[in-house]
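Quick note on numbering: numbering that gives the first Met the number 0 labels position 600 of the sequence shown as 599, and the sequence is numbered without any gaps.
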Amino acid sequence: MILRNRLKMWRGEMYLWALGFLRLLCVVSGVRTVYRSALLYLVKQTRLFDEQYYLENNPDIAESSMNPLFHYVVYGDKEGRSPCIVFDTPCYRSSSVGWTKHINALLHYSYVGRYCKTTPSPWFDVDYYLKNNKDVARADLDPLVHYLEWGGIEGRSPCPHFDGAYYLRKNLDICEARVNPLLHYLEYGRLEGRRTLPPFNPGYQEISDEELPTPMLPSEAQWKTISGSHAGEEAGVDVIIPVYRGKAETLRCIYSVLSSKNETEFELIVINDASPDKELSSALAELAESGMFSLIENDINLGFVQTVNRGMQLHQERDVVLLNSDTEVYDGWLDRLKTAADSHEKVGTVTPLSNNATICSYPYFPHDNPFPLELEYNELDVVVAKANEGVRVEAPTGVGFCMLIKKSCIAEVGVFDAVTFGKGYGEENDFCQRAIKKGWRNIIAADVFVRHWGSVSFQGEKASLAAKGLKLVEKKHPGYLSDVSEFIKNKPLSGIYQKIDWQRLLRLKREKNVLLICHSRGGGTEKRLQEDISYFSGKGYGIFLIRPVPDAPEKVAIEHPCVKWMPNIAPVEWGNLKALIKIVEELGINEVVTHSFVDFDKKAPSCLQELIQVTGVKWVMNLHDYEVICPRINLVDKEGFYCGEPSIENCNKCLRLNGSSFNVDDISEWRMLHGTAMKAASRVVVPDDDVKQRLVAYFPDTAIDAVP
Numbered sequence: 000m001i002l003r004n005r006l007k008m009w010r011g012e013m014y015l016w017a018l019g020f021l022r023l024l025c026v027v028s029g030v031r032t033v034y035r036s037a038l039l040y041l042v043k044q045t046r047l048f049d050e051q052y053y054l055e056n057n058p059d060i061a062e063s064s065m066n067p068l069f070h071y072v073v074y075g076d077k078e079g080r081s082p083c084i085v086f087d088t089p090c091y092r093s094s095s096v097g098w099t100k101h102i103n104a105l106l107h108y109s110y111v112g113r114y115c116k117t118t119p120s121p122w123f124d125v126d127y128y129l130k131n132n133k134d135v136a137r138a139d140l141d142p143l144v145h146y147l148e149w150g151g152i153e154g155r156s157p158c159p160h161f162d163g164a165y166y167l168r169k170n171l172d173i174c175e176a177r178v179n180p181l182l183h184y185l186e187y188g189r190l191e192g193r194r195t196l197p198p199f200n201p202g203y204q205e206i207s208d209e210e211l212p213t214p215m216l217p218s219e220a221q222w223k224t225i226s227g228s229h230a231g232e233e234a235g236v237d238v239i240i241p242v243y244r245g246k247a248e249t250l251r252c253i254y255s256v257l258s259s260k261n262e263t264e265f266e267l268i269v270i271n272d273a274s275p276d277k278e279l280s281s282a283l284a285e286l287a288e289s290g291m292f293s294l295i296e297n298d299i300n301l302g303f304v305q306t307v308n309r310g311m312q313l314h315q316e317r318d319v320v321l322l323n324s325d326t327e328v329y330d331g332w333l334d335r336l337k338t339a340a341d342s343h344e345k346v347g348t349v350t351p352l353s354n355n356a357t358i359c360s361y362p363y364f365p366h367d368n369p370f371p372l373e374l375e376y377n378e379l380d381v382v383v384a385k386a387n388e389g390v391r392v393e394a395p396t397g398v399g400f401c402m403l404i405k406k407s408c409i410a411e412v413g414v415f416d417a418v419t420f421g422k423g424y425g426e427e428n429d430f431c432q433r434a435i436k437k438g439w440r441n442i443i444a445a446d447v448f449v450r451h452w453g454s455v456s457f458q459g460e461k462a463s464l465a466a467k468g469l470k471l472v473e474k475k476h477p478g479y480l481s482d483v484s485e486f487i488k489n490k491p492l493s494g495i496y497q498k499i500d501w502q503r504l505l506r507l508k509r510e511k512n513v514l515l516i517c518h519s520r521g522g523g524t525e526k527r528l529q530e531d532i533s534y535f536s537g538k539g540y541g542i543f544l545i546r547p548v549p550d551a552p553e554k555v556a557i558e559h560p561c562v563k564w565m566p567n568i569a570p571v572e573w574g575n576l577k578a579l580i581k582i583v584e585e586l587g588i589n590e591v592v593t594h595s596f597v598d599f600d601k602k603a604p605s606c607l608q609e610l611i612q613v614t615g616v617k618w619v620m621n622l623h624d625y626e627v628i629c630p631r632i633n634l635v636d637k638e639g640f641y642c643g644e645p646s647i648e649n650c651n652k653c654l655r656l657n658g659s660s661f662n663v664d665d666i667s668e669w670r671m672l673h674g675t676a677m678k679a680a681s682r683v684v685v686p687d688d689d690v691k692q693r694l695v696a697y698f699p700d701t702a703i704d705a706v707p
């Protein structure tokens, strides 16, 4: 962190400490209104509180007469409610440190977090935005405010997984309306199947949107192609979907259940909890009338817990799957859940992996992962099933978005506690804790993936309900929260997630595959790398990359041009020859192409040379500068002038005085290391004759090709 930002961060911490002291004084003196007035003024000054969003996503506040800003300042922030669509309060607090974040999360971001580059939500990366918008950084503008007020409609991208310019280019209606593309996507586009990144075909070239199927709500013709779930006496499982709001998500969920292929006989039971959405209620009644599923309608709104209990008690001889109405399931999902449930007589509950399921969330754990990956979710489910077939992990609780409960467990433990948990949140955790006390186990099925869109029925109330629910669970089961914290700390799913990440890479392997090695600094070298990616993709190669790990030159990260998020594959050390050989062999690498060793460990060329000798793959070494004869890369002195290529003694003196990107001080050892590596390469390529002639003078026995 540069000194200027550090000083501003400290200044912000002092402001927040002063606010905390003011709060204490006001509480002691009984004049809380002074403190609240100060908070109201300061939060309003951030320009990040969206009154309309807050009311739309917190219907309990909309129905009251309370001012939304006042509610957020006095109650909402503590309850975990979010002030705008791109500020996720629980996410921000989990990423930030220090006591002052509890004064007010939005103020903490404005005074401290933005200078620490703490992300306020999965959809806005402060560091990414500032690095890619130098004008914003130079002007010292709040990056989130800038994006919401100007950057979005200008086509700037808020994070690596949302290309703002692409979204506007492909959705001219949004562009012409001058609507922030990310806000449109989060509110509408995600349900309409609009893309956030340019699509790729197997050759990694962009293809037109017309060639891509856009996920839509099932048509009448599609409904006619599937059969209902009524299995009569043969059904061994009841799949129960409680419904309140969210027509699009609900119908998509029901269709996914009925259209997915499973051998397990089940009955789909949809329970309409007195939904205020007349269109949704009408659609459910029409589908049920055609025999698609069993429909139960509550006369009055009972709330989630009582509605679920009603479904669980319908057929006591069957296992049940509780499925949120904003989920999406795929072929074989129920079979795999049932197999996991039957793997041991004391397995009581089974929860699959998901993009949004706290301790079962992938790829980032334990957070929501709303951004799309390089593959569709049904394809990800196939990857998950292949990577972790039959793998299960015991957990302190299941997660209620999709949870199978065995009938024998229900018979002994009972149904959910509707008295304590009322409207919802915490009831499944309480059930799982009661089950543990009776000897049952809660497991995560690591070979099943179910998509979870997120809270539909309660929206902005979710954080408040969740916080209250967890307090009630802890009160009933002291130690529960520490058990969950320990589970998160130990990361028992890390190896499982690593296998999934790796399987995502393997599915992109082709008959021939190339490994490209380069720094991450951009510039002309990066341009040449991208040209190689286009060249090899045009020839049908699988393309993989090795990049240096920031601040850890001895380690490398494995990447792919199409894979944006792969956080679970640990970096590999250059010295770990066994691990590097495994990578080359499993990815089927036929050719290695190097573009630069800048930011890599100084021994990287010799390590790669050893790898090439063991595996026998072809190595093409591209030299874009004078790195192999000058660790300072461009043969310049500290003033930036041509050094004249002095004697070895003077070169060493320059390295000691001026340093280099590789932290070396022996030019002879450096040149010998690179000369040996160049001899091991199948081909050495330089950009022009000048570079060639200079290098030949140092390495006369090495064949060097000049290719403009």
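A virtual CB, placed ideally from N, CA and C, is assigned to each residue, including glycine.
It should be emphasised that the depicted structure is a prediction, and the values quoted were computed from it without experimental measurement.
Assigned exposure category for residue i - 16 Cβ within 10 Å defines buried
{"i": "I299", "result": "exposed"}
{"i": "R5", "result": "exposed"}
{"i": "Y641", "result": "exposed"}
{"i": "I647", "result": "exposed"}
{"i": "H343", "result": "exposed"}
{"i": "D325", "result": "buried"}
{"i": "D600", "result": "buried"}
{"i": "K223", "result": "exposed"}
{"i": "N649", "result": "exposed"}
{"i": "V613", "result": "exposed"}
{"i": "F20", "result": "exposed"}
{"i": "N66", "result": "exposed"}
{"i": "S418", "result": "This sequence places Val at residue 418; Ser is not what is there. Answer is exposed; the Cβ neighbour count stays below 16."}
{"i": "K133", "result": "exposed"}
{"i": "G331", "result": "buried"}
{"i": "D76", "result": "buried"}
{"i": "R309", "result": "buried"}
{"i": "Q608", "result": "buried"}
Limits of the unbroken alpha helix (DSSP H) element including residue i
{"i": "E558", "result": "Run containing E558: none in the alpha helix (DSSP H); it sits in the beta strand (DSSP E), 551-558."}
{"i": "P241", "result": "From DSSP, P241 is part of no alpha helix (DSSP H) but of the beta strand (DSSP E) over 236-242."}
{"i": "V307", "result": "303-311"}
{"i": "I499", "result": "493-505"}
{"i": "L379", "result": "376-386"}
{"i": "L15", "result": "2-28"}
{"i": "M291", "result": "It is not in any alpha helix (DSSP H) - M291 carries neither H nor E in the DSSP assignment."}
{"i": "E525", "result": "522-537"}
{"i": "A220", "result": "219-223"}
Extent of the continuous beta strand (DSSP E) run through residue i
{"i": "A394", "result": "391-394"}
{"i": "R682", "result": "682-685"}
{"i": "C359", "result": "Segment: none, C359 is in no beta strand (DSSP E) and carries neither H nor E."}
Proximity test, residue i beta-carbon vs the ligand GTP heavy atom, cut-off 7 Å
{"i": "I542", "result": "Ligands in the displayed structure: none, and consequently the ligand GTP is not present."}
Simplified DSSP state of residue i, which is helix, strand or coil
{"i": "P275", "result": "coil"}
{"i": "C642", "result": "coil"}
{"i": "N441", "result": "strand"}
{"i": "H183", "result": "helix"}
{"i": "A434", "result": "helix"}
{"i": "M402", "result": "strand"}
{"i": "F265", "result": "strand"}
{"i": "P351", "result": "strand"}
{"i": "S484", "result": "helix"}
{"i": "D318", "result": "strand"}
{"i": "I647", "result": "helix"}
{"i": "D141", "result": "coil"}
{"i": "N131", "result": "helix"}
{"i": "N512", "result": "strand"}
{"i": "V178", "result": "coil"}
{"i": "D704", "result": "strand"}
Counterpart residues of residue i in DSSP-defined beta bridges
{"i": "C158", "result": "F161"}
{"i": "V346", "result": "R440"}
{"i": "H451", "result": "T326"}
{"i": "E296", "result": "N271"}
{"i": "S120", "result": "F123"}
{"i": "A417", "result": "A417 pairs with nothing; no bridge assigned."}
Legend entry - Continuous alpha helix (DSSP H) assignments of at least 4 residues falling wholly in the segment 34-111: 50-55, 58-61, 67-70, 88-94, 104-107
Legend entry - Length at least 4, wholly inside the segment 541-629: the alpha helix (DSSP H) runs in chain order: 576-585, 603-614
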